[in-house]
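Student: All the letters of the sequence shown, read from the start, carry residue numbers 31 to 180 under this note's numbering. Submitted below is the structure of interest, expressed as structure tokens.
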Amino acid sequence: MSDDQKPSDCDAADRFSKARSERASALLEDYTELIADLMAEHGEARIADIARSMGVAHPTATKAVARLKREGLATSRPYRGVFLTPAGEAMAEKARQRHRIVHNLLLAIGVPAEAAELDAEGIEHHVSEDTLRAFAAFLTAKGEGERPKD
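What follows is the structure, encoded as structure tokens:
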């Protein structure tokens, strides 16, 4: 590759910065999704349940919930659990929808169900909106999908 074809240091820095930001967003999405599931099942999400479900230590879950609260995605009440704000509920629903579309695409192309579930959990956070729309359009054309909500 010649010098004029190499990406600039700024381009590389932008890509790495975007990747770090996406990983941080993925973590928020995972926590909001889990909290929504726990709320649906138990009426609230306790830190101990969040930590156990995420496979992390109690202090790690506490820090994650503090971040959700700072971002306006969750609230908590003394002697009660953690609850999602409307913004947190919207994030959880969008993450669920992304997961369903990616999971259904993987199934449609022949990936075994167990592998599709595991792979979708990682892929869902790193797919652009354009790619997600293309996945959904493919599934819809095959009669197997849903359109992403904007």
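Positions of the beta carbon are idealized from the N, C-alpha and C atoms, including for glycine. Note that the structure is a prediction, hence the values are computed from the model and not measured.
1. First and last residue of the alpha helix (DSSP H) that includes Ser158?
2. Enumerate in chain order the residues of its own chain whose CB-to-CB distance from Glu59 is below 7 Å, with the five nearest sequence positions on each side excluded.
3. Measuring alpha carbon to alpha carbon, tell me which of Glu151, Ala138, Thr170, Thr105 ends up nearest Met84.
4. Among His72, Thr62, Gly140, whose alpha-carbon lies nearest the alpha-carbon of Ala94?
5. Short check: CB of His88 to CB of Ala104, under 8 Å?
6. So Val132 is in the beta strand (DSSP E); what residue range does that whole segment cover?
7. I need the DSSP call for Val112, collapsed to helix, strand or coil.
8. Comparing alpha-carbon positions, which option in Val141, Ala138, Asp149, Phe113 lies nearest His129?
9. Would Val131 be called buried (16 or more neighbouring beta carbons within 10 Å of its own) or exposed?
10. Are the CB atoms of Leu98 and Gly73 nearer to each other than 8 Å?
11. Just the C-alpha distance for Ser32 and Leu169, rounded to the nearest angstrom, thanks.
Tutor: Put simply:
1. Locating residue 158 in the sequence shown gives position 128, counting from the first residue. Taken as a continuous stretch (DSSP letters only), Ser158 belongs to no alpha helix (DSSP H), as it is neither H nor E.
2. Working through the sequence shown from its first residue, we reach residue 59 at position 29. Answer for Glu59: Met121, Ala125, His155, listed in chain order.
3. By one-based count along the sequence shown, residue 84 stands at place 54. Comparing C-alpha distances from Met84 to each of Glu151, Ala138, Thr170, Thr105 shows the shortest one belongs to Glu151.
4. Within the sequence shown, residue 94 is the residue found at index 64, counting from 1. Sorting His72, Thr62, Gly140 by C-alpha distance to the C-alpha of Ala94 places Thr62 at the top.
5. Stepping through the sequence shown from its first residue, residue 88 is reached at position 58. Stepping through the sequence shown from its first residue, residue 104 is reached at position 74. No. Outside cutoff.
6. For this step, residue 132 is matched to residue 102 along the sequence shown. Counting along the chain, Val132 falls outside any beta strand (DSSP E), though it belongs to the alpha helix (DSSP H) covering 116–138.
7. As a working note, residue 112 is residue 82 in the sequence shown. Strand.
8. Locating residue 129 in the sequence shown gives position 99, where the first residue counts as 1. Of the listed residues, the one whose Cα sits closest to His129 is Asp149.
9. Here residue 131 is taken as the residue at index 101 of the sequence shown, counted from 1. It is worth fixing the name first, because residue 131 is Ile in this sequence and not Val. In this structure Ile131 is buried. Its beta-carbon is surrounded by 16 or more other beta-carbon atoms within 10 angstroms.
10. For this step, residue 98 is matched to residue 68 along the sequence shown. For this step, residue 73 is matched to residue 43 along the sequence shown. No; because the gap between Cβ atoms is not below 8 Å, this pair is not in contact.
11. For the purposes of this step, residue 32 is identified with residue 2 of the sequence shown, where counting begins at 1. For the purposes of this step, residue 169 is identified with residue 139 of the sequence shown, where counting begins at 1. With a pLDDT of 49 at Ser32, under the threshold of 50, the predicted position of this residue should be treated as unreliable, though the coordinate-derived value follows. Those two C-alpha atoms are separated by around 41 Å.
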